[in-house]
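**Student:**
Number of protein chains: 6
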Amino acid sequence: MHWNLTAAPARFSVVAAAAVCALLLSAPARAQLITFSKQDLIDYTAQNPFDRFPDGRPKLPDDLLERARDLSAEDIWGTLHDKEGFRNQYADGFQIVHPDKPLVGRAFTVQFMPLRADLDDVAQAKAKQRGIKRLMNQTAIDMLQPGDVLVVDMFGKKVDGTIVGDNLFYYIMVATHKAGLVVDGSVRDLDGISEIDMPAYIRAVDPTPIGNVMLTGINVPIRIGGTTVMPGDLVVGDREGVYFIPPQFAKEVLDRADEIHIHDEWTKKKFAEGKYKSQDIYGSPSDPRLQQEYKEYLQKRLEEIRRQRSEKEKR
Amino acid sequence: MHWNLTAAPARFSVVAAAAVCALLLSAPARAQLITFSKQDLIDYTAQNPFDRFPDGRPKLPDDLLERARDLSAEDIWGTLHDKEGFRNQYADGFQIVHPDKPLVGRAFTVQFMPLRADLDDVAQAKAKQRGIKRLMNQTAIDMLQPGDVLVVDMFGKKVDGTIVGDNLFYYIMVATHKAGLVVDGSVRDLDGISEIDMPAYIRAVDPTPIGNVMLTGINVPIRIGGTTVMPGDLVVGDREGVYFIPPQFAKEVLDRADEIHIHDEWTKKKFAEGKYKSQDIYGSPSDPRLQQEYKEYLQKRLEEIRRQRSEKEKR
Amino acid sequence: MHWNLTAAPARFSVVAAAAVCALLLSAPARAQLITFSKQDLIDYTAQNPFDRFPDGRPKLPDDLLERARDLSAEDIWGTLHDKEGFRNQYADGFQIVHPDKPLVGRAFTVQFMPLRADLDDVAQAKAKQRGIKRLMNQTAIDMLQPGDVLVVDMFGKKVDGTIVGDNLFYYIMVATHKAGLVVDGSVRDLDGISEIDMPAYIRAVDPTPIGNVMLTGINVPIRIGGTTVMPGDLVVGDREGVYFIPPQFAKEVLDRADEIHIHDEWTKKKFAEGKYKSQDIYGSPSDPRLQQEYKEYLQKRLEEIRRQRSEKEKR
Amino acid sequence: MHWNLTAAPARFSVVAAAAVCALLLSAPARAQLITFSKQDLIDYTAQNPFDRFPDGRPKLPDDLLERARDLSAEDIWGTLHDKEGFRNQYADGFQIVHPDKPLVGRAFTVQFMPLRADLDDVAQAKAKQRGIKRLMNQTAIDMLQPGDVLVVDMFGKKVDGTIVGDNLFYYIMVATHKAGLVVDGSVRDLDGISEIDMPAYIRAVDPTPIGNVMLTGINVPIRIGGTTVMPGDLVVGDREGVYFIPPQFAKEVLDRADEIHIHDEWTKKKFAEGKYKSQDIYGSPSDPRLQQEYKEYLQKRLEEIRRQRSEKEKR
Amino acid sequence: MHWNLTAAPARFSVVAAAAVCALLLSAPARAQLITFSKQDLIDYTAQNPFDRFPDGRPKLPDDLLERARDLSAEDIWGTLHDKEGFRNQYADGFQIVHPDKPLVGRAFTVQFMPLRADLDDVAQAKAKQRGIKRLMNQTAIDMLQPGDVLVVDMFGKKVDGTIVGDNLFYYIMVATHKAGLVVDGSVRDLDGISEIDMPAYIRAVDPTPIGNVMLTGINVPIRIGGTTVMPGDLVVGDREGVYFIPPQFAKEVLDRADEIHIHDEWTKKKFAEGKYKSQDIYGSPSDPRLQQEYKEYLQKRLEEIRRQRSEKEKR
Amino acid sequence: MHWNLTAAPARFSVVAAAAVCALLLSAPARAQLITFSKQDLIDYTAQNPFDRFPDGRPKLPDDLLERARDLSAEDIWGTLHDKEGFRNQYADGFQIVHPDKPLVGRAFTVQFMPLRADLDDVAQAKAKQRGIKRLMNQTAIDMLQPGDVLVVDMFGKKVDGTIVGDNLFYYIMVATHKAGLVVDGSVRDLDGISEIDMPAYIRAVDPTPIGNVMLTGINVPIRIGGTTVMPGDLVVGDREGVYFIPPQFAKEVLDRADEIHIHDEWTKKKFAEGKYKSQDIYGSPSDPRLQQEYKEYLQKRLEEIRRQRSEKEKR
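Chains as they are written, first to last, in this note's numbering: chain A, 22 to 336; chain B, 22 to 336; chain C, 22 to 336; chain D, 22 to 336; chain E, 22 to 336; chain F, 22 to 336.
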């Protein structure tokens with residue numbers, strides 16, 4: 022939580038009337054130390070098969086986000102591990118605030134670096150020229166859209182590395198429609214945050230407010246653990262960690278997950294019968310009759326799932 | 022849990038009839054290696070605005086303890102961080118046994134050091150002269166009062182560093198009226214302790230009983246993590262860590278927290294309306310109408326809170 | 022979870038029809054790099070007072086397993102700590118999947134080592150000669166019996182060190198009647214595993230499937246943390262860690278635990294009365310009347326417990 | 022060392038004839054994922070009081086570099102700590118290869134990120150358009166000038182995070198005139214590197230060649246530990262760690278260090294006399310005669326030092 | 022150092038007259054908990070192209086050991102990394118006692134496990150039947166041959182995990198002709214050991230003597246870090262870590278290293294000329310004239326090296 | 022090194038004229054938060070067989086200090102390990118500045134705690150009443166005597182936990198006659214300190230000066246790692262760690278070490294002959310002739326050593 026009633030935290034003063042907000046959606050991308058233009062974003066995400074936001078960020082359709090709520094890290098591993106050059110998309114080692122809530126959304130990336138006044142002063146002056154009163158965590162937070170997951174590179178900082186407390190966490194919950202937060206850094210007000218219905222993946226908790234850092238990039242490529250994250254990636258978190266899925270693979274991951282889920286269903290059903298050794302059934306049955314049984318089961322269930330989906334969409 | 026049925030743990034034999042207990046409240050302070058006299062305690066806590074226990078320890082009033090149950094680490098940070106020379110009052114990195122129960126109470130400090138027989142033999146002899154059969158963890162535990170939080174410097178020891186198991190944990194719960202335990206060391210019987218309704222902040226768990234240590238101080242200044250703790254400090258723990266608040270700041274912390282809580286309430290209420298960017302509202306609104314709205318809200322809620330409190334006290 | 026639909030993980034292909042399974046119960050013990058014959062097992066567990074499985078593994082009776090569900094680490098420490106040469110039977114530092122479920126069963130041990138193709142090729146060839154299609158994790162898993170706890174030395178490996186995902190975890194639950202899993206390594210599919218009603222003690226979680234390791238021993242002596250585990254040991258896990266109890270001490274541990282539990286009951290009852298200092302009651306009372314009271318209480322409760330047990334067995 | 026005789030390491034093939042090299046000095050700044058134009062560099066280092074390289078990078082004069090060889094971390098701390106917003110310029114925790122050689126030079130920064138093929142393919146294509154055969158570690162290394170310290174953000178990667186082996190380390194020694202290397206990552210061939218006369222600050226050593234990463238920036242702002250490093254910073258390393266000094270403070274740091282060194286000289290001289298308590302002399306003497314003595318000593322030595330320097334320059 | 026003058030360390034008494042020693046070379050392999058027969062050893066090292074010791078252990082020829090003194094970890098990585106199933110042969114993270122001395126020899130493996138008296142008593146009884154007074158560290162040490170490197174799995178134990186002090190270290194130096202020691206555990210007497218001219222790779226140092234462990238295998242397959250080590254492996258250590266090379270690859274590793282060393286020589290020679298960018302020369306030159314130059318250089322130097330070797334052998 | 026030329030570090034201003042120094046030797050013991058009177062010191066070190074300093078601290082004779090320069094951690098372990106209640110006298114995990122110089126001296130203990138202004142203000146006021154201008158690190162340093170080792174409990178603090186830089190390190194070298202420093206904290210100016218001829222055992226290095234701490238005890242019982250250190254203990258450090266030997270055991274440790282050293286001499290001499298297995302000679306020979314040989318050797322060498330010592334003393 023908690024507003025510092027007498028003074029804003031060092032170097033993070035309060036800003037910006039509603040009038041500025043329209044500006045925010047396009048302008049800030051050029052005001053920070055690290056910039057990544059709309060054209061850069063389009064060039065580097067050229068394989069994105071979906072729409073884009075006005076600033077060039079890939080926009081995964083809502084129905085795919087909805088389906089992604091059933092994904093686990095293993096579902097995704099299966100698809101991405103086979104793709105040369107995409108084996109670094111998984112990060113773990115987080116403290117997970119609501120491990121029972123799936124984290125799903127489009128990556129909205131933010132980068133901080135250790136404060137260095139000569140750089141920050143120039144960046145703040147450039148921001149001011151563009152009508153932004155102050156570059157700070159809220160500059161980015163106020164740009165969030167429904168379905169966005171805020172993904173923050175705070176370089177693992179604990180003390181003074183608290184991206185939000187419970188008030189701004191609450192704001193993010195409202196703005197993103199509960200999509201979530203991933204921060205390679207910390208939060209404050211864990212008691213307050215624990216009561217708010219949005220998943221969060223954090224490194225630590227600390228009572229200090231954010232400070233001694235500078236906002237250096239909004240929707241630029243960032244690093245989280247051993248992972249390179251791009252604006253617009255599909256973010257999926259489960260009890261193990263977080264996957265950042267390039268949009269061009271989202272559909273394949275989801276389709277393959279359908280089959281995996283059906284296979285899991287069938288495998289457990291057979292195990293529950295108590296008649297088989299694990300090797301009779303899993304990875305795949307060797308007995309041709311069981312193979313056939315599974316094949317039919319898979320077919321039937323896939324059809325059911327697809328029918329349910331299309332009915333749901335009609336409504 | 023669990024009593025060693027055939028033999029007391031090495032160097033911790035069983036002692037002390039009820040007759041001795043009256044003695045315990047005054048005498049032990051002079052029997053350990055490290056001593057801190059009643060006069061020392063009064064000198065070093067001269068700023069304490071409240072009553073004192075007979076042994077000189079500051080005694081925060083019960084109604085302030087009650088109010089402190091709503092404090093979070095951030096509430097306290099706001100006040101203490103501004104005070105030169107009081108930035109080391111927070112310790113974290115604990116395993117928290119009941120994170121959903123607030124830890125609140127008056128610090129009752131205990132210090133252990135690695136066993137060294139020449140020193141321990143002298144201390145035990147001195148203790149015996151004062152009518153104490155044996156200096157041990159229970160010597161301190163039997164001095165606890167309602168509202169005390171037992172704060173133990175066990176120098177991070179895990180194996181043999183278990184201040185209590187579930188039996189003595191149960192005793193502490195009864196004696197302190199569920200106030201709590203902080204130990205820079207370990208406990209045993211986590212299964213048993215988990216069923217007992219008192220918060221505990223510990224470093225580790227181990228099946229060994231306490232051993233290979235010596236009790237070196239009761240209600241002396243101790244160190245917990247990077248914090249200096251004094252007997253009579255207000256101890257407050259939340260999901261993040263523990264604050265040790267010198268009594269002279271307790272009232273200010275609590276009054277300021279009232280305002281912070283109201284500000285949080287109002288901020289979230291405004292965010293929930295969905296009409297504002299975060300910067301319109303938080304840290305503080307720039308729009309004069311919103312400023313006025315908040316000012317009135319704050320006034321109204323402060324009055325309500327105070328009214329409720331005074332009514333409660335009347336009852 | 023989740024079957025890799027297009028290809029088996031490297032070096033772990035799918036095998037074995039039901040016909041092979043009879044073989045599995047006896048043959049595999051001679052096919053791995055590290056072997057431990059039936060005679061070895063009998064020689065080294067000569068003090069086992071109970072029956073044995075056909076392969077020589079000690080078989081603790083079911084009623085003792087049932088009683089062991091009330092044990093905590095401290096109950097066991099009390100007995101084993103007094104036995105010269107048995108102070109290394111406790112391992113901790115695990116992530117516990119269902120901390121509220123007691124882990125109890127007979128140790129079924131499995132050892133993996135880092136893959137080295139020259140050794141693995143020979144071992145696989147030897148296995149094939151004995152009718153085993155492939156040495157792999159499922160080779161061991163398909164040998165599990167009701168009441169077995171699978172204890173796996175995966176040398177702390179996280180990435181590629183996942184002994185099972187949720188499908189095989191489900192199989193183990195069915196095969197062992199929910200007894201449990203201890204792995205000095207990792208699992209995958211934590212979301213799936215969290216929904217399955219069986220306790221698990223693991224070091225880490227990872228989305229990768231098992232790989233880059235070789236199965237080197239089934240029911241051989243293994244090391245878990247600082248502990249030497251033998252096939253047939255009584256495995257007991259609580260919120261703190263896991264004890265591996267040699268069968269020759271199982272009865273003594275359980276009988277002594279009965280007394281400890283009664284002592285805990287009585288101690289807390291007295292504390293709840295609020296009339297005593299902790300030293301009046303705990304470790305043991307010094308007042309002869311209290312000593313007598315406890316003695317009678319102990320006697321009465323022991324008789325009750327024994328009566329209940331014998332009635333239960335009659336049913 | 023050692024050339025992979027049969028194949029280039031994955032994604033790092035061999036490139037670039039001498040003809041390309043002229044190009045390298047200007048072009049690469051626009052070919053990587055993260056770009057920082059000449060104008061950016063000039064804007065953000067506007068306080069640089071010295072010349073610049075053709076690409077805009079501040080160019081500290083050689084005589085200041087020479088003087089900086091006497092600096093220690095404490096000399097620098099004294100000056101930078103007093104400057105608001107410049108308290109993050111120190112990084113430590115390195116394995117230091119030649120701790121007896123001072124590390125001094127102008128920062129040449131390089132950034133790597135975890136490999137992600139979609140981004141790397143675009144960057145490589147853009148590089149090719151600019152006449153660069155392949156973006157790789159050698160692309161940056163071949164741009165080094167005498168006096169440059171290569172400062173590499175390899176995000177702490179050990180395995181596959183080896184910026185160079187002994188061959189390229191040798192090349193850097195030749196190209197930079199032994200200035201040095203700082204890598205938040207690893208090197209290979211420590212035996213070979215130990216024999217080469219250039220200081221290096223590394224996180225780890227590993228036999229793997231660089232791989233599974235992509236070059237994302239040359240002379241862009243980077244992060245090393247808790248420090249933001251700019252191209253052209255004065256880099257100074259001693260037995261403790263590395264300071265990155267913004268060019269605008271270099272002169273002040275060096276002048277102040279002269280006084281500190283004289284003060285150290287005088288202090289130790291007085292201590293060696295054995296007539297004083299430490300407080301008589303250090304921090305500063307309270308006795309007016311000693312104050313006067315020191316004042317004269319300082320004056321005399323400063324003049325000597327300046328004379329020596331100006332004579333040296335004349336030669 | 023240092024003999025405990027009044028009593029042997031717990032469970033390690035003193036044994037064995039010279040008459041027993043002949044026995045030691047063959048018998049002990051069957052007396053420990055974990056056994057690996059001569060036939061096992063031959064089966065699992067069937068690809069060994071060299072002679073064997075009487076107990077079946079592969080015996081790399083002395084001239085290859087001599088050549089191996091020039092190997093570095095990178096030389097070996099180049100060859101082994103290309104072999105499917107041999108990527109786990111490197112272990113690091115050691116404290117290296119004489120980093121300037123190459124570690125080279127044939128692996129003599131020893132395994133310890135945490136003491137468990139029931140198992141140790143049986144093993145000691147079996148040993149006694151075979152004429153061995155006591156299984157202990159010296160049982161293995163007294164079997165060492167010139168050229169052997171003692172490789173000990175002490176499961177990372179520090180306290181009580183000291184395989185030797187300076188007296189036995191001195192003995193190993195004499196017995197192995199200074200080949201060396203690798204222990205995943207500790208040593209004592211580092212001051213004394215530092216003065217003895219033999220390389221050692223250790224995890225820690227401690228003043229305690231070895232204790233609370235049992236010798237469970239001599240010349241059995243063991244694990245060191247993430248590596249599986251076989252008796253007879255070629256052990257090579259440099260400033261980075263230790264490689265365990267299966268004998269069947271020794272010749273290839275050494276031949277390839279010759280070429281790597283020549284390539285390094287030539288590369289540095291060209292760099293020293295100061296006329297080239299690194300990419301002109303390294304990995305390999307693109308200019309056909311330089312390619313030719315290198316080709317000729319390689320040929321000439323290989324011939325020189327071979328000539329020198331054959332001359333040396335003639336002498 | 023290095024004096025902060027413009028301002029003393031926060032809360033550590035410069036003090037104390039030479040006139041005060043006489044006072045310092047007796048007075049400060051009562052001015053800090055934690056006090057330990059001369060009588061306390063005498064009571065708790067009642068077994069000290071040697072002289073005492075005026076403040077009650079045991080004073081080991083110089084000739085024993087001289088002999089202690091040959092001690093290693095193992096020599097001491099042998100004696101202390103057998104004494105019930107003295108198994109905690111060894112601390113390790115230090116960065117050792119001059120590992121080739123033995124650390125030997127009498128413990129002069131100092132304790133710091135995290136700064137807390139209310140306590141520090143009272144302590145400073147009490148100090149002032151006793152004629153001490155300011156309690157600070159130099160207050161203790163100026164009390165050091167020849168042969169003292171400064172042993173500082175700085176609770177492991179790195180940043181701001183630097184007990185000295187090179188100037189005060191130089192002073193300590195002069196004052197203690199090169200005896201040494203042990204700090205559970207850090208130092209600054211490692212480059213400068215490395216050039217000063219005195220051993221130091223430290224936890225870390227940092228460029229910050231000491232700050233945010235308060236001096237809480239001089240010559241009081243302190244804790245270093247898992248060890249309780251008393252003023253006047255014999256401090257001995259080698260390449261492994263530091264032993265704190267109670268004075269009552271110093272003579273026994275040294276006499277026993279003589280025998281251990283002779284045993285080591287003889288053992289290595291026999292090993293060097295190459296005729297024996299290790300078990301023939303070490304721990305102790307079983308062959309009666311060798312037993313006799315050793316017995317005579319021991320006798321002869323003991324006499325030589327004693328003769329040399331008495332001659333040395335005569336001179």
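Cβ coordinates follow ideal geometry from the N, Cα and C atoms, glycine included.
Computed from a predicted model, the values in this text were never measured in an experiment.
Given 8 Å as the limit, is there contact between the region 304-320 of chain A and the region 164-172 of chain C, that is, 3 or more CB pairs closer than that?
**Tutor:** No: fewer than three Cβ pairs fall under 8 Å.
**Student:** At 3 residues or longer, and completely inside the region 231-267 of chain E: list those beta strand (DSSP E) runs for me, N to C.
**Tutor:** Here the runs fully enclosed are 234-239, 243-245, 248-250, 255-258, 262-266.
**Student:** Select from the region 100-120 of chain B all residues with a C-beta closer than 9 Å to any C-beta belonging to chain F, and list them in chain order.
**Tutor:** From the region 100-120 of chain B, only K104, E105, G106, F107, R108, N109, Q110 have a Cβ closer than 9 Å to chain F.
**Student:** Between R322/F and chain E, is there a C-beta pair that is closer than 9 Å?
**Tutor:** The sequence position of residue 322/F within the sixth sequence is 301, counting from 1. Answer no: the Cβ-Cβ gap between R322/F and chain E never drops below 9 Å.
**Student:** Any beta carbon of chain B sitting closer than 9 Å to that of D212/A?
**Tutor:** Residue numbering aside, residue 212/A sits at position 191 when the first sequence is read from its first letter. By this cut-off, D212/A is an interface position.
**Student:** Given a limit of 9 Å on CB to CB distance, which residues of the region 120-152 of chain B reach chain H?
**Tutor:** The chain inventory of the structure shown lacks chain H, comprising the protein chains A, B, C, D, E and F.
**Student:** Just the chain B side, please: which residues come within less than 8 Å of L189/A by C-beta, in chain order?
**Tutor:** Here residue 189/A refers to the residue found at position 168 of the first sequence. Result: S299, Y303.
**Student:** Quick one, which residues of the region 241-254 of chain B are near chain A if we go by CB-CB under 8 Å, in chain order?
**Tutor:** For the region 241-254 of chain B, which is checked against every Cβ of chain A, not one residue is closer than 8 Å.
**Student:** Counting only the same chain and skipping the five closest in sequence on each side, list residues whose C-beta sits under 8 Å from that of M194/A.
**Tutor:** The sequence position of residue 194/A within the first sequence is 173, counting from 1. Within the same chain, M194/A has close Cβ partners I217, D218, M219.
**Student:** I need the DSSP call for P309/E, collapsed to helix, strand or coil.
**Tutor:** What you label residue 309/E is simply residue 288 of the fifth sequence in a count that begins at 1. Three-state DSSP puts P309/E in a helix.
**Student:** Can you list, in chain order, the residues of its chain with a C-beta nearer than 8 Å to that of E273/E? Leave out the 5 residues immediately preceding and following it.
**Tutor:** Residue mapping note: residue 273/E aligns to position 252 of the fifth sequence, counting from 1. Within the same chain, E273/E has close Cβ partners T100.
**Student:** Less than 9 Å between CB atoms is the rule here; does S215/A satisfy it with respect to chain B?
**Tutor:** Stepping through the first sequence from its first residue, residue 215/A is reached at position 194. Yes - at least one Cβ of chain B is within 9 Å of the one on S215/A.
**Student:** Taking all protein chains shown into account, decide if S331/C is buried (16 or more other Cβ within 10 angstroms of its Cβ) or exposed.
**Tutor:** As a working note, residue 331/C is residue 310 in the third sequence. Classification of S331/C: exposed, given that the 10 Å Cβ count is below 16.
**Student:** Whole angstroms are fine: how far does the CA of G177/A sit from the CA of P223/A?
**Tutor:** The count along the first sequence starts at 1 and reaches residue 223/A at position 202. The count along the first sequence starts at 1 and reaches residue 177/A at position 156. The sequence given here places Ile at residue 223/A; Pro does not occur at that position. Rounded to the nearest angstrom, the two C-alpha atoms are 9 Å apart.
**Student:** Should A278/E go down as buried or exposed, given a rule of 16 or more other Cβ atoms within 10 Å for buried?
**Tutor:** Counting from one through the fifth sequence, the residue named residue 278/E turns up at place 257. Looking at its Cβ environment, which holds 16 or more other Cβ atoms inside 10 Å, A278/E is buried.
**Student:** To the nearest angstrom, how far is the alpha carbon of Q132/E from that of R151/C?
**Tutor:** Here residue 132/E corresponds to residue number 111 of the fifth sequence, with the count starting at 1. Here residue 151/C corresponds to residue number 130 of the third sequence, with the count starting at 1. Their backbone Cα atoms lie some 29 Å apart in a straight line.
**Student:** Whose Cβ in chain A lies nearer than 8 Å to the Cβ of L54/D?
**Tutor:** The residue given as residue 54/D occupies position 33 in the fourth sequence. Chain A residues near L54/D: Y65, P242.
**Student:** Quick one: what does DSSP say V274/B is sitting in, helix, strand or coil?
**Tutor:** Residue 274/B sits at position 253 when you count from the first residue of the second sequence. Here V274/B sits in helix by DSSP.
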